[in-house]
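Chains as they are written, first to last, in this note's numbering: chain A, 1 to 289; chain D, 1001 to 1328.
Virtual Cβ for every residue (Gly too), placed ideally from N, Cα, C.
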Amino acid sequence: MTQVITANHPPLRKRKQKNVLPGFNLSLGYTILYLSLIVLIPLSAAFIKTTELSFAEFWETVTTPRVVASYQLTFGASLIGAGINAVFGLLTAWVLVRYSFPGKKIVDALVDLPFALPTAVAGIALTAIFAGNGWLGSWLEPLGIKVAFTPLGVVVALTFIGLPFVVRTVQPVLEDLEAEAEEAAASLGANRWQTFSRVILPALYPALLTGFALAFARAVGEYGSVIFIAGNMPMVSEITPLIIITKLEQYDYAGATAVAVVMLVISFALLLAINGLQWWSSRRNGSAR
Amino acid sequence: MFKFIVVLASLFFASSVFAETSILNVSYDVSREFYKDLNPAFVKYWKDKTGETITIKQSHGGSSKQARSVIDGLQADVITMNQSLDIDILHERGKLIPKDWQKRLASNSAPTASTTVFLVRKGNPKNIRDWNDLVRPGVGIILPNPKTSGNGRYSYLAAWGSVIKKGGSDADAKDYIHRFFKNVPILDAGGRGATTSFVQRGIGDVLLTFENEVSLIINELGGDQFEVVYPGISVLAENPISLVDKVADKRNSRKVSQAYLDFHYSDEAQAIAVKHSLRPRAEAAADKYKDKFKPLTLFTIDEVFGSWANAQKVHFADGGVFDQIYVK
């Protein structure tokens, strides 16, 4: 919003512009207090707990082969899951916005189910379907595709829980995007692919990236649904949150927080990178117009 | 207004008078059914004996999680677990109980016990009779993850001890346990999860779990689909109980809590345990119900591994024997 305003009204005053809206100090104060209480203080507790370990111990804890294998699975499967959702979530949002068909409201509501369902229920349901004796598993297994109790199962679960994030972030932006823009593109001779890639996609990039980032972040932290379908074999299908739980079961609080801290740092770095990408794409997009 | 104050005051008064007549028993996940029967029996016993009406509150969950809650301040008057490790920690971390808590009650403070047995599919198609049959190629073994589940730990230690007790060395046992886990296709986080994988998902040929869990499966999930196989030797899985001294003293509930623990050894409570397929440990009861349970050669954790703490350190701690199976 601010961007639009400044763009329309080139700076009138040369000296440092004060905020147009009143209440900046108060609202920022509340924001920082709120973030501190809800996010920063619990997280810093995790960091402080880690200081019980010396750096050598910390490093050893977070780089044992089992733990490293779990990072690869957790972050890899989360990226793949979020990637799948970026494609199919966009498609779903597209269908829901651009077309009307009977039962649309129901489809729309279905999208939110992964939000509402307790993750354990999702895990049990997915496992029941994809296990060797399940509806889909009994078809896939003769083809040599094992889903349940393999890393593929982890991807399936993470895709399931991430879907609403992409759809719900892309949908409103797509709704705001007038169909006229597409019609204009078509009338100017763009083919369908050009319309999609040159007109629609650039406008959707920021929302799509946000959706991707949310789905990814959600997947990285996911525990409930994954443990049912993963099979939890060390070095193969063990996710990092399970490693943390395992350490807690052994009353190894410091070790658990050490792994948690590494997860936090990697997640933060990745989310920052995605945000950076989003900023870059919206700027490029903005200056092109 | 006056009425309101009276009501409020009487509520306050009531709660302060009866405060010590409710006790909280923090327990593990699958003891729910057992305590649902045992607690009313104790309430009645206490009422007959003292005229006081007491309430017993229960809390169930994964055992280490429950112990952690007590350390972190959950006001448990008594704690009832399925391995002594989860009670030891109350001494080590919170100094809530004395070090020698396990000597305070009979039979290692464990009024009931169970053991690890095998459950196979009807007709025993893979012909699984004993521990050696488990490591044959092509046999799928289901058990919960020993790192996250007490049930899994007992199964693992039973497998290890079966080799030692037959005269094998530690190296033999290590070799056996490596071949054993080659046959394990998945590791569920808890005992019930493993049961689901074996029973509902049809994975594996044999489920290793507690005897009382097995009888629950047979009774509730289909006795015609499965058979129990008793191995030649197995582990004695004690279910220890203890007063949480610090909490009981603070809440002034030591007397009733102690009576509650002692009640576990009474004929009535032992009969309830038998009903739930837990092996009774009080001598009279053990004798009385000996036909109900298959006589097995059972070894204790202390006998083979020195102590629970030692078994934990050598086998399940990070980098221990269990980790070495998977990380070459």
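Note to self: To be precise: take each residue of the stretch 1170-1185 of chain D, compare its Cβ to all Cβ atoms of chain A, and keep it if any distance is under 9 Å. Which residues remain?
What the structure shows: Per Cβ criterion, the list reads V1184, P1185.
Checklist line | CA nearest to the CA of D:V1030, picked from D:G1061, D:H1264, D:V1228 | finding: Cα-wise, what sits closest to D:V1030 is D:G1061.
Checklist line | Endpoints, alpha helix (DSSP H) assigned at D:P1040 | finding: Counting along the chain, the alpha helix (DSSP H) containing D:P1040 begins and ends at 1032-1050.
Margin query: For a test of the three-state rule: what should DSSP assign to A:E52, helix, strand or coil?
Written below: In the structure shown, the three-state DSSP call for A:E52 is coil.
Checklist line | Outcome for A:G231 when other beta-carbon atoms lying within 10 angstroms are tallied against a minimum of 16 | finding: By the 10 Å Cβ count, A:G231 comes out buried.
Notebook entry, point to check: If you check the beta carbons only, do A:F149 and D:I1141 fall under 7 Å apart?
Noted result: The Cβ atoms of A:F149 and D:I1141 do not sit closer than 7 Å to each other.
Check: Terminal residues of the continuous alpha helix (DSSP H) containing D:L1216?
Finding: Element bounds for D:L1216: 1211-1221.
Next item on the list: Note the first and the last residue of the continuous alpha helix (DSSP H) segment covering D:H1091.
Entry: Taken as a continuous stretch (DSSP letters only), the alpha helix (DSSP H) holding D:H1091 covers 1085-1094.
Margin query: Could you pull the DSSP bridge partners for A:T257 from this structure?
Written below: None; A:T257 has no bridge partner.
Check: So A:G221 and A:P118 are in contact, right, with Cβ under 8 Å, and what is the actual spacing, rounded?
Finding: The distance from the Cβ of A:G221 to that of A:P118 is about 15 Å, inconsistent with a contact at the 8 Å cut-off.
Next item on the list: Return the CA-CA distance between D:N1252 and D:R1068, expressed in angstroms with no decimal places.
Entry: Cα to Cα, D:N1252 sits roughly 23 Å from D:R1068.
Margin query: Starting from A:F27, trace the alpha helix (DSSP H) in both directions and tell me its first and last residue.
Written below: Note on residue identity: the sequence assigns Ser, not Phe, to residue 27 of chain A. A:S27 -> alpha helix (DSSP H) spans 24-35.
Checklist line | Sufficient close CB pairs (3 or more, under 8 Å) joining the stretch 163-172 of chain A to the stretch 107-115 of chain A | finding: With a cut-off of 8 Å, the stretch 107-115 of chain A and the stretch 163-172 of chain A count as touching, because enough Cβ pairs lie within range.
Note to self: I'd like the list of long-range same chain contacts for A:F216, defined as Cβ closer than 6 Å, with 5 residues on each side in sequence excluded.
What the structure shows: Its chain contains S78, A82 as the residues whose beta carbon lies nearer than 6 Å to that of A:F216, once the 5 sequence neighbours on both sides are disregarded; these appear in chain order.
Checklist line | Nonlocal neighbours in the same chain, by C-beta distance under 6 Å from D:H1315, ignoring five residues either side | finding: So the qualifying residues of the chain are V1321, F1322.
Notebook entry, point to check: Would the beta-carbon of A:E249 fall within 7 Å of that of D:S1064?
Noted result: A:E249 places its beta carbon less than 7 Å from that of D:S1064.
Check: In whole angstroms, what is the alpha-carbon distance linking A:M1 and A:L270?
Finding: Caution is warranted here: a pLDDT of 41 is assigned to A:M1, below 50, making its placement in the model unreliable, and the coordinate value is therefore given only provisionally. A:M1 and A:L270: Cα-Cα distance of roughly 26 Å.
Notebook entry, point to check: Taking Cβ positions only, does D:R1201 come closer than 7 Å to chain A?
Noted result: Using a CB distance cut-off of 7 Å, D:R1201 counts as an interface residue toward chain A.
Check: Among A:I124, A:V62, A:A179, which residue has its Cα nearest to the Cα of A:V262?
Finding: The option with the nearest alpha carbon to A:V262 is A:V62.
Notebook entry, point to check: Which residues of chain A have a Cβ atom closer than 7 Å to the Cβ of D:F1226, listed in chain order?
Noted result: Under the 7 Å cutoff, chain A gives no residues; its nearest Cβ is about 15 Å from D:F1226.
Margin query: So that I know if they touch, is there some Cβ in chain D lying closer than 7 Å to that of A:R66?
Written below: Put simply, the CB of A:R66 is near chain D, with a gap under 7 Å to one of its CB atoms.
Notebook entry, point to check: From which residue to which residue does the beta strand (DSSP E) around D:F1299 run?
Noted result: 1297-1299 is the extent of the beta strand (DSSP E) around D:F1299.
Notebook entry, point to check: What residues of chain D sit near A:G89, judged by a beta carbon separation below 9 Å?
Noted result: What A:G89 touches in chain D, judged by beta-carbon distance under 9 Å, is nothing: the nearest beta carbon there is about 30 Å away.
Next item on the list: Inspect the beta-carbon positions of A:I80 and A:V155 and report whether they are closer than 7 Å.
Entry: It is a contact, given that the beta carbons lie within the stated cut-off.
Next item on the list: Would you mind telling me which residues of chain A sit closer than 9 Å to D:S1155, beta carbon to beta carbon, in chain order?
Entry: Taking a Cβ-Cβ cut-off of 9 Å, D:S1155 has no neighbours in chain A, whose nearest Cβ is about 15 Å from it.
Check: Under three-state DSSP, which class holds A:L21?
Finding: Collapsing the DSSP output to three states places A:L21 in coil.
Margin query: Contact criterion: CB-CB distance below 7 Å. Does D:V1030 meet it with respect to chain A?
Written below: D:V1030 does not count as touching chain A.
Item checked: Through-space distance from D:K1294 to D:V1117, alpha-carbon basis -> Between the C-alpha atoms of D:V1117 and D:K1294 there is a straight-line separation of about 11 Å.
Item checked: Where the stretch 251-277 of chain A meets chain D: residues whose CB sits under 8 Å from a CB there -> Under the 8 Å Cβ criterion, the stretch 251-277 of chain A contributes Y251, D252, G255.
Next item on the list: Mind checking who D:N1025 pairs with in its DSSP beta bridge?
Entry: Per DSSP, D:Q1058, D:V1078.
Note to self: Relative to the C-alpha of D:S1084, which candidate in D:A1076, D:A1113, D:Q1058 has its C-alpha closest?
What the structure shows: Nearest neighbour of D:S1084 by Cα position, chosen from D:A1076, D:A1113, D:Q1058, turns out to be D:A1113.
Check: Along the stretch 1125-1158 of chain D, what residues have a CB closer than 7 Å to any CB found in chain A?
Finding: Under the 7 Å Cβ criterion, the stretch 1125-1158 of chain D contributes N1145, K1147, T1148.
Check: What are the residues of the stretch 211-238 of chain A that lie near chain D, defined by any Cβ-Cβ distance shorter than 9 Å?
Finding: Flagged, chain order: I227, F228, A230, G231, N232, M233, P234, M235, V236, S237, E238.
Margin query: Can you pull the chain D neighbours of A:I245, defined as C-beta to C-beta under 7 Å?
Written below: Chain order gives the chain D residues near A:I245 as T1148, where near means a beta carbon separation below 7 Å.
Notebook entry, point to check: Can you list, in chain order, the residues of its chain whose CB lies under 8 Å from that of D:H1178, leaving out five sequence neighbours each side?
Noted result: Cβ contact annotation for D:H1178 (same chain, cutoff 8 Å, sequence separation greater than five): I1325, in chain order.
Notebook entry, point to check: CB-CB under 6 Å to A:K124, same chain, minus the five flanking residues each way: which ones, in chain order?
Noted result: According to the sequence displayed, residue 124 of chain A carries Ile and not Lys. So the list reads F228, once near-sequence residues are dropped.
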